[in-house]
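Q:
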Amino acid sequence: QDNHSYYTSRTYRLADPRGRELWVNIDKMQNQHVRVHGILSNTHRQAARVNLSFPFLFYGHHLEEVTIATGGFIYTGEVIHRMLTATQYIAPLMANFDPSISKESTVRYFDNGTALVVQWDRVHLHDNPGAGSFTFQAALHSDGRIVFAYKDVCPLSVP
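Quick note: the sequence shown uses this note's numbering, first residue 3, plus one each step.
(1) Quick one: measure Cβ to Cβ for I28 and Q121, integer angstroms, because I've assumed they're closer than 8 Å.
(2) Just the C-alpha distance for H128 and F99, rounded to the nearest angstrom, thanks.
(3) Would you grab the beta carbon distance between Q135 and V125 for me? Rounded to a whole angstrom, and I think it's under 8 Å.
(4) Could you check where the beta strand (DSSP E) with L65 kicks off and where it finishes?
(5) Let me confirm a value: G146 is counted as buried when at least 16 other C-beta atoms fall within 10 Å, else exposed. Which label applies?
(6) Within the present structure, is the beta-carbon of D113 separated from the nearest heavy atom of the ligand PLP by less than 8 Å?
(7) Under the three-state reduction of DSSP, which class applies to R147: helix, strand or coil?
(8) What does the alpha-carbon distance come out to for the pair T116 and S144?
(9) Applying the 10 Å Cβ sphere with the 16-neighbour rule, what's the burial state of V155?
(10) Please report the Cβ distance between L59 and T78, rounded to the nearest whole angstrom; I am assuming they are in contact, meaning their Cβ atoms lie under 8 Å.
(11) If we call anything under 9 Å between Cβ atoms a contact, is T69 one with P101?
(12) Just to confirm, are P94 and F75 a CB contact at a threshold of 9 Å?
(13) Comparing C-alpha positions only, which one of H35, N114, I148 and T137 sits nearest to Y61?
(14) Report yes if the C-beta distance between T137 and V38 is below 9 Å; otherwise report no.
(15) From the DSSP output, which residues share a beta bridge with Q32?
(16) Using a 10 Å radius around the Cβ and a threshold of 16 neighbouring Cβ atoms, would you call Q139 buried or exposed?
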């Protein structure tokens with residue numbers, strides 16, 4: 003456990019029951035809450051604004067909306083610009099993901115009034131699509147907690 007000014011971080015392994023509990027099974031959610039974002043699920047380097055049904059406290063600021071990006075992150079700033087990756091983001095696994103590579107890829111989310119869960123599902127790397135697909139989540143909770151959960155992350159060798 004690491005304590006910082008605004009947050010405390012903890013790591014759980016999949017073998018740990020708590021680690022398994024953190025994965026939100028979107029497939030079992032009621033369909034009225036889950037939204038597959040059509041544009042994000044079929045494009046590269048795109049982002050879309052989402053209104054939150056609750057105020058989310060992020061570094062001392064209450065957010066009422068966030069921007070979900072295909073690159074595996076959630077932008078928290080107010081102004082959309084071409085340098086989204088430079089500032090103000092929550093990133094469970096930021097990379098050059100391209101959901102348009104596979105018809106199996108989706109970017110979906112749900113907001114149940116106490117949490118926004120975003121899932122990048124079976125997304126591939128734009129520059130290395132043969133490496134396999136990645137499935138991971140970020141959950142923003144109304145009490146300020148941020149949870150990152152990973153289902154499938156391909157091993158990559160970096161030169």
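Yeah, the Cβ is synthetic: ideal placement off N, Cα and C, and Gly gets one too.
None of the values given here were measured: they were computed from a predicted structure.
A: Well, looking at it:
(1) Contact flag correct, Cβ pair sits at about 5 Å.
(2) Looking at the two C-alpha atoms, the distance is approximately 5 Å.
(3) The question names Gln, but residue 135 in the sequence shown is Ser. Indeed, because the Cβ distance is near 6 Å, the residues count as touching under 8 Å.
(4) Element bounds for L65: H63 to A71.
(5) Taking all protein chains in view, the Cβ of G146 is surrounded by fewer than 16 other Cβ atoms within 10 Å, so the residue is classified as exposed.
(6) In the structure shown, the ligand PLP is absent, as is every other ligand, since no ligand is present at all.
(7) Looking at R147 - three-state DSSP - the assignment turns out to be coil, as it is neither helix nor strand.
(8) A straight line joining the alpha-carbon of T116 with that of S144 spans about 5 Å.
(9) Exposed.
(10) A Cβ-Cβ separation of about 11 Å leaves L59 out of contact with T78 under the 8 Å criterion.
(11) Contact: no.
(12) Taking the C-beta atoms as reference points, F75 is found nearer than 9 Å to P94.
(13) Per the C-alpha coordinates, the member of H35, N114, I148 and T137 positioned closest to Y61 is I148.
(14) Not in contact: T137 and V38 (Cβ atoms no closer than 9 Å).
(15) According to DSSP, which records beta bridges pairwise, Q32 is partnered with nothing at all.
(16) Q139 is buried by the Cβ-count criterion.
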